[in-house]
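Numbering (our numbering), first residue to last: 2 to 263. Inspection log for the structure reproduced underneath, given as structure tokens.
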Amino acid sequence: MKNIIVPVDFSETSLNAARYAGAMMNGKTDTRVILYNMFTDEKESGTAGNYLESLKAELQQKGTSEEVECIKEYGNDLIDSLGRLAHQKNAELIIMGISEKEEWRQLLTGSNTLKMAEENVCPVMIIPPTARYNGVKNIALTSDFKNVEGTTPVLAIKTVMKLFNAKLHIVNVDNEHYVALTEDYLAERAKMQSMFSEFNPEFYFIGMNDFHEAIEQFSKDRNIDLIIIIPKNHSFINSLFSTSHTKKLAFHTSVPLLAAHE
């Protein structure tokens, strides 16, 4: 049984993520959705329990399998509690929402979603506020093609690929790409081809300066339903969501992002 954890604080952002997760798990009888709420006031325990049961009933009414579990607990450190729960349940995935309406300064310094994505606990899927689940047919895996054998979370990515039975697109963005790939890139591509041979991946090497713009355009052109990134440093996740002036998320706001650590 695969466990998928969905933290909810009953905001519209978290409810949308829960509904996305529920739709995503429809028909997958070997998967359990765990709805999790952490309350900071012990007086909220009863209300939290009622809300969780109501959300569970909604998901099941829409077709999610009966394997929906509700967990609530008192606490004040969501990241620590989620990490502990993920270990206890041997979770395959944590699914969380993110809101583009938050102040960017708050988003980049205080978002629990981004903090959780930076933790090396299990893959974290970030659901944008406008995302609606319509199937996952095309998955883009971004890679810098440097030491791919040592830095690519193969098992986590394969688990996601098998969950959706999707087409795998492996994409690299580098402003030094010219007509032909260097020997280093060719060697790393061959390793990636071997690692994911069962999925018959397609490779794309984009010669652009702006990584975010390149991936956003690539996602639109190839009808990408999920983008997988491999964080390699503490600030990587935040950098993906940084903006200039009033621009929205660097990625198209309807495409979920999955952070999988090596």
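C-beta: ideal position from N, C-alpha, C; glycine also. Remember, predicted model here, so these are calculated numbers, not experimental data.
Three-state class that DSSP yields for residue i in the structure shown
{"i": "Met2", "result": "coil"}
{"i": "Ala191", "result": "helix"}
{"i": "Gly111", "result": "Low per-residue confidence applies at Gly111: pLDDT is 43, beneath 50, and the placement is therefore not dependable enough to give any value."}
{"i": "His170", "result": "strand"}
{"i": "Arg33", "result": "strand"}
{"i": "Tyr21", "result": "helix"}
{"i": "Glu68", "result": "coil"}
{"i": "Leu16", "result": "helix"}
{"i": "Thr120", "result": "This sequence places Glu at residue 120; Thr is not what is there. Of the three classes helix, strand and coil, the one that applies to Glu120 here is coil, per DSSP."}
{"i": "Val125", "result": "strand"}
{"i": "Ala157", "result": "helix"}
{"i": "Met26", "result": "helix"}
{"i": "Tyr205", "result": "strand"}
{"i": "Thr143", "result": "strand"}
{"i": "Ala261", "result": "coil"}
{"i": "Val1", "result": "Nothing in the structure corresponds to residue 1, since the chain is present only between 2 and 263."}
{"i": "Gly98", "result": "strand"}
{"i": "Ile225", "result": "coil"}
{"i": "Asn135", "result": "coil"}
{"i": "Tyr179", "result": "coil"}
{"i": "Lys163", "result": "helix"}
{"i": "Asn38", "result": "strand"}
Which listed residue (the options) has its alpha carbon closest to that of residue i
{"i": "Asp31", "options": "Asn4, Met39, His213", "result": "Asn4"}
{"i": "Lys90", "options": "Tyr75, Ala141, Val122", "result": "Val122"}
{"i": "Ala181", "options": "Leu53, Ala260, Gly208, Phe219", "result": "Gly208"}
{"i": "Tyr21", "options": "Ala261, Pro257, Glu263", "result": "Pro257"}
{"i": "Val172", "options": "Pro202, Ile6, Arg85, Tyr52", "result": "Pro202"}
{"i": "Leu94", "options": "Lys233, Lys159, Met196, Pro130", "result": "Lys159"}
{"i": "Lys138", "options": "Ser220, Ala260, Met2, Tyr37", "result": "Ser220"}
{"i": "Lys147", "options": "Lys116, Ala24, Ala167, Thr183", "result": "Thr183"}
{"i": "Asp145", "options": "Leu115, Tyr205, Met97, Met117", "result": "Tyr205"}
{"i": "Ala167", "options": "Asn176, Glu150, Ala141, Phe11", "result": "Ala141"}
{"i": "Phe200", "options": "Pro232, Asn210, Glu177, Val155", "result": "Val155"}
{"i": "Glu119", "options": "Met2, Glu263, Ser255, Pro232", "result": "Pro232"}
{"i": "Ile169", "options": "Leu115, Glu177, Met193", "result": "It should be noted that the sequence gives Leu, not Ile, for residue 169. When only C-alpha atoms are compared, the closest one is Met193."}
{"i": "Ser82", "options": "Met117, Glu263, Ala19, His178", "result": "Met117"}
{"i": "Asn113", "options": "Asp175, Thr48, Pro8, Glu214", "result": "Pro8"}
{"i": "Val317", "options": "Thr153, Thr143, Ala191", "result": "Outside the shown range of the chain (2 to 263) lies residue 317, about which nothing can therefore be said."}
{"i": "Leu60", "options": "Leu164, Asp78, Glu150, Leu16", "result": "Leu16"}
Presumed contact (8 Å Cβ cut-off) between residue i and residue j, rounded CB distance
{"i": "Glu74", "j": "Arg33", "result": "That pair is no contact at about 18 Å."}
{"i": "Ala87", "j": "Ile6", "result": "6 Å"}
{"i": "Pro130", "j": "Gly84", "result": "That pair is no contact at about 25 Å."}
{"i": "Ile72", "j": "Ile35", "result": "6 Å"}
Worksheet item: Three or more C-beta pairs closer than 8 Å, one from the stretch 123 to 138 and one from the stretch 31 to 44: is that the case here?
Response: no
Discussion item. Within 8 Å, do at least three Cβ pairs link the stretch 213 to 232 to the stretch 176 to 196?
Written reply: no
Worksheet item: Quick one: any contact between the stretch 133 to 147 and the stretch 51 to 66, if contact means 3 or more CB pairs under 8 Å?
Response: no
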